[in-house]
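Asker: This structure is in structure tokens; I'll ask about it shortly.
Number of protein chains: 2
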Amino acid sequence: MAAQHVVGIDVGGQTTKIGVVDARGDVLAQSVIRSDIYGADADAYIAALAVAVKAVIAEAGKEGEIRGIGVGAPNGNYYTGQVAFAPNLAWAADKPVDFAKKLSEAMDGIPVSLTNDANAAAVGEMTYGAARGMKNFIMLTLGTGVGSGIVINGQVVYGHDGFAGELGHTNVVRHNGRTCGCGKQGCLEAYCSAIGVARTAREWLEMSSEPSALRECEKITSKDVYEAAKEGDALALRVFDYTGTLLGRACADFVAFSAPEAIVFFGGLARSKEFLNAPIEKALNENVLPIWRNKVKIVYSQLKESDAAILGASALAWEL
Amino acid sequence: MAAQHVVGIDVGGQTTKIGVVDARGDVLAQSVIRSDIYGADADAYIAALAVAVKAVIAEAGKEGEIRGIGVGAPNGNYYTGQVAFAPNLAWAADKPVDFAKKLSEAMDGIPVSLTNDANAAAVGEMTYGAARGMKNFIMLTLGTGVGSGIVINGQVVYGHDGFAGELGHTNVVRHNGRTCGCGKQGCLEAYCSAIGVARTAREWLEMSSEPSALRECEKITSKDVYEAAKEGDALALRVFDYTGTLLGRACADFVAFSAPEAIVFFGGLARSKEFLNAPIEKALNENVLPIWRNKVKIVYSQLKESDAAILGASALAWEL
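Sequence lines, in order, name chains F and H. If you read the first sequence in the numbering used here, its first letter stands for residue 3, the second for the next number, and so on. If you read the second sequence in the numbering used here, its first letter stands for residue 3, the second for the next number, and so on.
This is the structure we're talking about:
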């Protein structure tokens, strides 16, 4: 019964989560290390990561039984195994790092498969989550930014260069669109991320003198907007309505591309589905061709929040 | 040496083109029948088509050597083999027609593969044309409308329901966008098709009194706009600049989806590339993420116009 387990690693800007996962998707052991204390020294980070991974494998009692390691990381490239120019990772911010190769070497040759975090999440949904059994779906991760993982014919779309699925940087507002973190204007991410929601609230508060509980917040976050909406705050409710409408419009164009069975929402902001879902569905169905009207499912991630990222990355390792 | 030939059929609103094609992509014999004289009687049309196909096979001297028949038709569905609710085909305008099954029966069991015309063109480009050797590209057919065929990992994207690749109906103008033939507003097709180009010219002529050779045309077509642009007509040149800019912006979002190696333009309007190419490339590169800037190829179909549609459809039959 050798090699019936995999390791999933989720590399985030602040922390890296590691888990040993069995074929049923149960996380047998897990741990967390910091990602942000190694400065620009990628080798030091990868060495520390290998030590932590070995410790988790030992904790699970699965030494010698690991089939592969799957990693989800910002700007991770499936083809090259590199993490390159990731603004939130100091050790990969200004250079490409041969992450998969180096980690595999540090792990005594266990094969490592790498992709970006949103693609990993899509694989996780397909293997363990809301998209189980689906061969065609689009996953949108609504977090600090907006990421995406696209599955067509049961396979993640990597494209010619490994960077496919950057739907957060498609355009939703052509005229005077907000400047996005990427430097372009009017991107989906500038409106429909956690940061975008807070930005919409701040802009609207400034543009009117409408009363709102949000005026009492020192620095408005998307969580504040959610809490205000729950209390019935009219401005906060309109912020979600606007955000959902832009999301639905964008999704309509994504549907025209790959005709998915479902669009799966994931990430912190997706937990506001009680306010987002109605405007998403309305705008989606108003903006698709009649053949797709009321036919594309809108679903929300069912993975346990704490395990989701690890499971997504681990699912990638089964393909090794 | 049996079964080393295929038949390609291109179903258009007015005519249907038929050709016998060998493995090198040479058209050995071809003919044309009318598509528009059978009213709503799909069976009569398919019977006439089968007679014509048999005649072309006989003319090529390839009786008993046909491996399969590939068909490109408006609203053709690869999964179901149906042509359904195609507004330009009276015999399939208000109902689904089991085209592949019926034609195969009428052809004594020769297998028939069907897809929509734009997907067929994409397969043709991949097999015989500008996309030879490419595994990831997007084909845009700029004709009366705007069609698209998307290839990912060497496979045409059909999606969950067989209708993927309707990029002509993604949005390019959010506010006060033109009403498209599909009923939606601001679709790419409403601006960047032959009809869209003529419409832009007519709108702009009405909005100003700027002198233009186009004022002398009784009913402006995209060909008139092209001829005027060739003579240096300032308004006509701006129409192409605008059309190319909208195309380039739309393509930037398509690139974010599937990260293609190239975008391939096909169809009558694509012959205006001398005026369209510069604004397409400029807008594309201004609107993609830095990772794709100046990296995505813009290419134009190299297939002989007369054979392109037949070849595209025939290429589908090799997969049978």
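Beta carbons: idealized from backbone N, C-alpha and C, even for Gly.
(1) Between the C-alpha atoms of glycine 314 (chain H) and alanine 310 (chain F), what's the straight-line distance to the nearest angstrom?
(2) Residues in the same chain with beta-carbon distance under 8 angstroms from glutamate 263 (chain H), minus the five sequence neighbours each way, listed in chain order, please.
(3) Is there a Cβ from chain H that is less than 8 angstroms from the Cβ of glutamine 157 (chain F)?
(4) So serine 106 (chain F) and proline 113 (chain F) are supposed to be a Cβ contact under 8 angstroms. How far apart are they, rounded?
(5) Let's test the definition: count the other Cβ atoms within 10 Å of the Cβ of histidine 171 (chain H) and tell me whether it reaches 16, buried, or not, exposed.
(6) With 8 angstroms as the threshold, decide whether the Cβ of glycine 161 (chain F) is near any Cβ in chain H.
(7) Is alanine 42 (chain H) helix, strand or coil by DSSP?
(8) Report yes or no: is there a C-beta of chain H within less than 8 angstroms of the C-beta of alanine 166 (chain F)?
(9) For glutamine 84 (chain F), count the other beta carbons within 10 Å of its own beta carbon; 16 or more makes it buried, fewer makes it exposed. Which is it?
(10) Are the C-beta of arginine 180 (chain F) and some C-beta of chain H separated by less than 8 angstroms?
(11) Would you say asparagine 121 (chain F) and glycine 70 (chain F) are within 8 angstroms of each other, going by their C-beta atoms?
(12) So what does glycine 78 (chain H) bridge to, in DSSP terms?
(13) Note down, in chain order, all residues in the stretch 231-262 of chain F with a beta-carbon under 8 angstroms from any beta-carbon belonging to chain H.
(14) Are the Cβ atoms of glycine 144 (chain F) and phenylalanine 267 (chain F) separated by less than 8 angstroms?
(15) By the 7 angstroms beta-carbon criterion, what residues does the stretch 283-299 of chain F contribute toward chain H?
(16) Using 8 angstroms as the limit for Cβ to Cβ distance, is asparagine 138 (chain F) near chain H?
(17) Using a Cβ cut-off of 9 angstroms, pull out every chain F residue sitting near isoleucine 197 (chain H), in sequence order please.
(18) Could you check which residue in H:Ala252, H:Met109, H:Phe165, H:Val153 has the C-alpha nearest to that of threonine 129 (chain H)?
(19) In terms of alpha-carbon separation, which member of F:Glu127, F:Phe242, F:Asp45, F:Ala60 lies closest to glycine 21 (chain F)?
(20) Could you work out which residue in F:Gly41, F:Ala54, F:Thr17, F:Tyr40 is closest to alanine 31 (chain F) when comparing CA atoms only?
(21) Within 10 angstroms of its Cβ, does glycine 41 (chain H) collect 16 or more other Cβ (buried), or is it exposed?
(22) Measure the CB-CB distance between valine 73 (chain F) and isoleucine 35 (chain F) and report whether it falls below 8 angstroms.
(23) With a 10 Å radius around its C-beta and 16 neighbouring C-beta atoms as the bar for buried, classify proline 323 (chain H) as buried or exposed.
(24) Say whether chain H places a C-beta atom closer than 8 angstroms to the C-beta of asparagine 173 (chain F).
(25) Kindly say whether lysine 186 (chain F), judged by its beta-carbon, lies nearer than 8 angstroms to any beta-carbon of chain H.
(26) Can you grab the Cα-Cα spacing for the pair alanine 52 (chain H) / phenylalanine 101 (chain H), in whole Å?
(27) Measure the CB-CB distance between alanine 196 (chain H) and threonine 146 (chain H) and report whether it falls below 8 angstroms.
(28) Measuring only the C-alpha atoms, how far is lysine 237 (chain H) from glycine 270 (chain H)?
(29) So, at 6 angstroms on beta carbons, what are the nonlocal neighbours of alanine 192 (chain H) in its own chain, with the 5 sequence-adjacent residues on each side left out?
(30) Report the start-end ranges of each beta strand (DSSP E) in the stretch 112-171 of chain F that is 3 residues or longer and not cut off at the edges.
(31) Checking contacts by CB at 8 angstroms: is arginine 176 (chain H) closer than that to chain F?
(32) When DSSP labels each residue in this structure, what does proline 292 (chain H) get in the three-state scheme?
(33) With 16 as the cutoff for other CB atoms within 10 Å, does lysine 232 (chain F) come out buried or exposed?
(34) Put proline 213 (chain F) into one of helix, strand or coil per three-state DSSP.
(35) What would DSSP say about cysteine 189 (chain H), mapped onto helix, strand or coil?
(36) Below 7 angstroms on C-beta distance, what does leucine 216 (chain F) contact in chain H?
Answerer: Reading it off the structure:
(1) In a straight line, the C-alpha of glycine 314 (chain H) is about 44 angstroms away from that of alanine 310 (chain F).
(2) Excluding positions up to five away in sequence, the list reads Met136, Lys137, Asn138, Phe139, Val298, Lys299.
(3) yes
(4) 6 angstroms
(5) Sixteen is the threshold: when 16 or more other Cβ atoms of the shown chains lie within 10 Å of the Cβ of histidine 171 (chain H), as they do, the residue is buried.
(6) yes
(7) coil
(8) yes
(9) buried
(10) no
(11) no
(12) H:Val85
(13) Arg251, Ala254, Asp255, Phe256, Ala258, Phe259, Ser260, Ala261, Pro262
(14) Glycine is not the amino acid found at residue 144 (chain F); the sequence shown has leucine there. Closer than 8 angstroms, so yes.
(15) Asn289, Leu291, Ile293
(16) yes
(17) Ordered by position in chain F, no residue passes the 9 angstroms Cβ test against isoleucine 197 (chain H), which lies about 18 angstroms from the chain.
(18) The shortest Cα separation from threonine 129 (chain H) among H:Ala252, H:Met109, H:Phe165, H:Val153 belongs to H:Val153.
(19) F:Ala60
(20) F:Ala54
(21) exposed
(22) no
(23) Because chain H in this structure spans residues 3 to 322, residue 323 (chain H) falls outside the shown range and cannot be described.
(24) yes
(25) Interface residue, yes.
(26) 12 angstroms
(27) yes
(28) Sequence inspection shows leucine at residue 237 (chain H); the lysine mentioned does not correspond to that position. Rounded to the nearest angstrom, the two C-alpha atoms are 21 angstroms apart.
(29) Arg180, Cys182, Gly198
(30) 114-117, 139-144, 148-154
(31) yes
(32) In the structure shown, proline 292 (chain H) sits in a helix (DSSP, three-state: H, G or I).
(33) exposed
(34) coil
(35) In the structure shown, the three-state DSSP call for cysteine 189 (chain H) is strand.
(36) Residues of chain H passing the Cβ test: none, with the nearest at roughly 27 angstroms.
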